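Adding 74 to a residue's 1-based position in the sequence shown gives its number in this note's numbering. Step one of this worksheet: look at the structure below.
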Amino acid sequence: MKTIHTILTTLSFILSAILSVILLPSCEDFLDLSPSNSIPSDRAITDAGTLRAAVVGAYSQLQDYYSGSYVSLGVMPADFVSYNGTLSQYLQLDQNAIPNDNVITVGVYRTIYRAINSANSIIASVASIDDPLLTQAEKDNILGEAYFIRALAYFDLARGWGGVQIQLKPTETLDVLKGIQRSSQAGTYDQVAADLAEAERLLTDDASTRNRAQKATALALRARLHLYREQWDEAERYATQVINNPKYALVEPYEAFFTAPFLTEESVFELTFSLNDRNSYWNMWFPASLGGQYTLKPSDKAVERLSDPDTGGSRNAAIAGTGSNVYGRLYNTAGQAIDPAYVIRIAELYLIRAEARAKKASPDLAGATEDINKVRARAGVPPLTGVTGAPALIFAIEEENGVEFAFEAHRWFDLVRTRRAGEVLGITNTDFWLFPLPSSDILSDPDVTQNPGY
75 MKTIHTILTT LSFILSAILS VILLPSCEDF LDLSPSNSIP SDRAITDAGT LRAAVVGAYS
135 QLQDYYSGSY VSLGVMPADF VSYNGTLSQY LQLDQNAIPN DNVITVGVYR TIYRAINSAN
195 SIIASVASID DPLLTQAEKD NILGEAYFIR ALAYFDLARG WGGVQIQLKP TETLDVLKGI
255 QRSSQAGTYD QVAADLAEAE RLLTDDASTR NRAQKATALA LRARLHLYRE QWDEAERYAT
315 QVINNPKYAL VEPYEAFFTA PFLTEESVFE LTFSLNDRNS YWNMWFPASL GGQYTLKPSD
375 KAVERLSDPD TGGSRNAAIA GTGSNVYGRL YNTAGQAIDP AYVIRIAELY LIRAEARAKK
435 ASPDLAGATE DINKVRARAG VPPLTGVTGA PALIFAIEEE NGVEFAFEAH RWFDLVRTRR
495 AGEVLGITNT DFWLFPLPSS DILSDPDVTQ NPGY
């Protein structure tokens, strides 16, 4: 169990400062006090070519934070992944002692706002484009993609940092940010819901597409949003719509979804990489003998659960090695570095529906059990037996989520949203259930306030 370290050692702070300067693009960027959400547009969007390029660029911004750093935020403060290195910015995440200049949280926060600004640029430009090479159907679909990207970005900000500044226009100058107060977390989630409603209205479904937003992708994120907001009936309804879509299915064996060529029926939405656009996250997990740094390591708890035939089953394929040298292999294309970023899998929709059914006003425990057993059956794990009553079933769903998504960006956020981080992780001060906003944003914009406790 992890504990909160309220005082970091002097060496840790020195290393953090040094590495902040080293890892950021330049000293000038490090000292820049411009707010993170004031990233100017790279180019004007005026025709079919620039619009298509702009939406690809927006997905690239999602890739930038989902290809490691945001996943690390979702696993390292929790109990299934441990840090196996000495860099202070990762130790701070692992020890739940995160200062407001932590390189990882600052970098992710800024990159998410870059994604939002990219989406804003598209949303602001589409209506004015008149190009014979661009049909209305394509314009609508690209607009829907932009709304989805903005929704995902604000959702990821809200669950990590709470309420944030809601900026819905491209920020070409700092003036547009003046007077924008931080929204509440509920208000930020309201914006996510509004954007998803637009995405759902505009998007179509393509049976061959899994790495760009589709109508079903918007429905899936909406199911997750309702789960976080404890709107159980809505979470069940939207999850059911995705589950009933014949495009998606649990694949067997478990490791099939993270084995090249990827984009299996399991995937509702994943971000793909290529030899020309690599995802180096595997390097953090693999041992030196296989060319990696081995700085992220499955915890003893994760190894125990994944190795147990009654809890892990075929999900033990997510780990390899023996003894003290067990490593995670969810990200495993060491030679090519083309592992996807897994954003939404159909397994999540089954577990969302299971939890919603167990927690709604008139619980459907039989339906919830059926859903969790589908996920367990795919992993070759025996069905639940001897679990009676909603509390026991809800705990079983929590445990199932932990094993199913051991190395994906779920465990920390799940324990926070269910208010279980205190009991499971020992983090009883709820101030530390949210990440701190970057100190540079606090200093540069009087409308930005820091989260309590930092």
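From the three backbone atoms N, C-alpha and C, an ideal C-beta is built for every residue, glycine too. This structure is a prediction, so every number in the text was calculated from the model and none was measured.
Expressed to the nearest angstrom, what Euclidean distance is found between the alpha-carbon atoms of residue i and residue j?
i	j	result
Ala495	Thr291	29 Å
Ala453	Asp205	50 Å
Arg286	Ser363	36 Å
Arg233	Leu276	26 Å
Ala184	Ser518	In the sequence as presented, Ala is not what sits at residue 184; that position holds Arg. Those two C-alpha atoms are separated by around 14 Å.
Gln241	Leu165	32 Å
Leu231	Lys289	22 Å
Val377	Ser348	30 Å
Gln305	Ile178	31 Å
Gly386	Ala260	35 Å
Ala313	Gln524	35 Å
Asn447	Leu458	7 Å
Lys321	Asp280	9 Å
Phe104	Glu212	Annotation note: pLDDT 28 at Phe104 (below 50); position unreliable, coordinate value reported separately. Each residue's alpha carbon lies about 39 Å from the other.
Arg296	Phe481	23 Å
Leu499	Ala152	7 Å
Ser192	Ala273	16 Å
Pro456	Thr124	52 Å
Pro335	Ala391	17 Å
Asp121	Asp214	14 Å
Glu340	Asp488	21 Å
Ser282	Arg298	23 Å
Gly237	Gly397	43 Å
Phe469	Pro520	43 Å
Trp486	Gly527	18 Å
Ile254	Asp269	19 Å
Asn319	Leu467	26 Å
Arg427	Ala442	7 Å
Ser134	Asp351	9 Å
Val490	Thr160	26 Å
Thr492	Phe154	17 Å
Gln210	Gly218	12 Å
Asp445	Gly366	37 Å
Ala244	His484	Going by the sequence as given, residue 244 is Pro instead of Ala. The alpha-carbon atoms of Pro244 and His484 are separated by roughly 30 Å.
Starting from the C-beta of residue i, find all residues in its chain whose C-beta is less than 7 Å away, skip the five residues before and the five after it, and write them out in chain order.
i	result
Arg303	Tyr263
Asp338	A small correction: the amino acid at residue 338 is Thr; Asp does not occupy that position in the sequence shown. Correct list, in chain order: Val325, Ala330, Phe331.
Gln315	Leu293
Ser156	Asp168, Lys371, Ser373
Ile96	Because Ile96 carries a pLDDT of 32, less than 50, the predicted location of this residue cannot be relied on, and the following value inherits that uncertainty. Around Ile96: no qualifying Cβ.
Pro414	Phe336, Glu344, Leu345, Thr346, Phe347
Ala267	Leu299
Ala225	Val266, Asp269, Leu270, Ala273, Leu295
To which residues of the same chain is residue i closer than 8 Å at the C-beta, ignoring the five residues directly before and after it?
i	result
Pro437	Arg431, Ala464
Val522	Pro109, Gln239, Arg256, Leu511, Asp515, Ile516
Leu380	Pro372, Gly386, Arg389, Asn390, Ala392, Ile393, Val477, Ala480
Ile203	Ile119, Thr120, Asp121, Ala122, Leu125, Lys213
Glu497	none
Ser141	Leu345, Phe347, Asn353, Ser354, Tyr355, Ala415
Val461	Thr443, Leu467, Ala470
Give me the Cβ distance between residue i and residue j, rounded to the nearest whole Å; I'm assuming they're in contact under 8 Å.
i	j	result
Ile223	Ala189	6 Å
Val182	Tyr139	5 Å
Tyr416	Val449	Not confirmed; about 15 Å, so no contact.
Ile186	Val200	Actually they are not in contact, since the Cβ atoms of Ile186 and Val200 sit about 22 Å apart, beyond 8 Å.
Asn174	Ser513	4 Å
Ala309	Ala220	25 Å between Cβ atoms; not a contact.
Leu301	Glu472	12 Å between Cβ atoms; not a contact.
Ala411	Asn353	6 Å
Asp307	Lys433	No, Asp307 and Lys433 are not in contact; Cβ-Cβ is about 10 Å, not under 8 Å.
Can you list, in chain order, the residues of its chain with a C-beta nearer than 6 Å to that of residue i? Leave out the 5 residues immediately preceding and following it.
i	result
Gln265	Tyr228, Ile240
Gln137	Leu345
Ser258	Gly237
Asn176	Gln163, Gln166
Leu208	Ala122
Pro327	Ser388
Is residue i close to chain C, meaning its C-beta is less than 9 Å from at least one C-beta of that chain?
i	result
Glu429	Among the chains of the structure shown, chain C does not appear; only one protein chain is present.
Open item on the list: Could you tell me which whole alpha helix (DSSP H) segments of length 4 or greater appear in the region 259-301?
Closed with: 259-276
- [ ] Assess, as a yes-or-no matter, whether the region 185-197 is touched by the region 123-134 under the definition of 3 or more beta carbon pairs within less than 8 Å.
- [x] yes
Open item on the list: Using 8 Å as the cut-off, can you tell me whether the region 402-420 makes contact with the region 354-374, which would need three or more C-beta pairs spanning the two stretches below that distance?
Closed with: Yes, since at least three Cβ pairs between the region 402-420 and the region 354-374 fall closer than 8 Å, the two stretches touch.
Task: Length-filtered (3 minimum) beta strand (DSSP E) runs lying within the region 149-188 - done: Listed in chain order, they are 155-157.
Open item on the list: Quick test of the definition: if touching needs 3 or more C-beta pairs under 8 Å, does the region 417-431 touch the region 352-363?
Closed with: Contact between the region 417-431 and the region 352-363 is absent, because fewer than three Cβ pairs lie under 8 Å.
TODO: Would you check if the region 499-518 and the region 166-183 touch, i.e. whether three or more CB-CB distances between them fall below 8 Å?
DONE: In short, these stretches touch, since the Cβ pair count reaches three.
- [ ] Mind listing, in chain order, the continuous alpha helix (DSSP H) runs of no fewer than 4 residues lying wholly within the region 465-522?
- [x] Complete alpha helix (DSSP H) runs here, min 4: 485-491, 495-499, 513-518.
TODO: At 4 residues or longer, and completely inside the region 362-418: list those alpha helix (DSSP H) runs for me, N to C.
DONE: Correct list: 374-381.
Open item on the list: Pairs of beta-carbons, one from the region 133-146 and one from the region 470-477, closer than 8 Å: are there three or more?
Closed with: In this structure the region 133-146 does not lie against the region 470-477, because fewer than three pairs of beta carbons, one per stretch, are closer than 8 Å.
- [ ] Within the region 430-466, note down every full alpha helix (DSSP H) run reaching 4 residues or more, in order along the chain.
- [x] 439-452
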